[in-house]
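S.K.: So the number in my numbering is just where the residue sits in the sequence shown, counting from 1, plus 53.
Even for Gly, the Cβ is constructed at its ideal location relative to N, Cα and C.
Just so it is clear, the structure is predicted and the values come from calculations on it, not from any experiment.
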Amino acid sequence: MGRMHSHGKGISASALPYKRTPPSWLKISAQDVEDNICKFAKKGLTPSQIGVILRDSHGIAQVRSVTGNQILRILKAHAYGLAELIALFVKGTDLDPKILLCLCKDGLAPEIPEDLYHLIKKAVAIRKHLERNRKDKDSKFRLILVESRIHRLARYYKKTKKLPPVWKYESSTASTLVA
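1. Going by C-alpha distance, which of Leu-125, Pro-76, Ser-228, Ala-130 is nearest Ile-113?
2. According to the neighbour-count rule (16 or more other Cβ atoms, all chains shown, within 10 Å of its Cβ), is Val-119 buried or exposed?
3. Using a Cβ-Cβ cutoff of less than 7 angstroms, which residues in the same chain neighbour Leu-206 once the five nearest sequence positions on both sides are dropped?
4. On the three-state DSSP scale, how would you describe Arg-187?
5. Could you check whether Ile-64 and Ile-90 sit closer than 9 angstroms to each other, using their CB atoms as the reference points?
6. Leaving out the 5 sequence neighbours to the left and right, which residues in its chain are closer than 7 angstroms to Phe-93 when beta-carbon positions are compared?
7. Would you mind working out which of Ser-201, Gly-121, Ala-162, Ala-232 sits nearest Gln-84, comparing C-alpha positions?
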């Protein structure tokens, strides 16, 4: 399958092992892996960053082979319980009730999907570059391509209900989404 906005074919990829059981030398339990994932998510790391840390520092090549679940599903499953939410609310936290509801629903998972987040981050960087270099026509063209990918991906995520139906990408407010 070719790339959307370039001439590359993009056929190179890593091959996953056929055997889906965890390696025999790995002595860490599934519960410890889930605790590590939640700990890293509370620090603000994305699921892919968590996977890289687990692979490089803890020797866990595939989280799914150890826990039976992917990182994002584990994060969604670790939703705040009703008692924890009430405790947050009683403490007088300045969190919006919508955010509390989101914490209850999606748990520690990021509020917008990671691929969409990185596309928005790229669009913000290109727009910032264009403010300094107004005559850069190529960057202006690439910004159009990136923003069209953002709109296409947002349409898909709204259809699959991973984004709310009223969510809309606006270039003026995009920098607050990735800040």
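M.R.: If we stick to the structure as given:
1. Pro-76
2. buried
3. Contacts found: Asp-168, Leu-169, Leu-172.
4. coil
5. Cβ atoms of Ile-90 and Ile-64: not closer than 9 angstroms.
6. Ile-103, Ile-106
7. Gly-121
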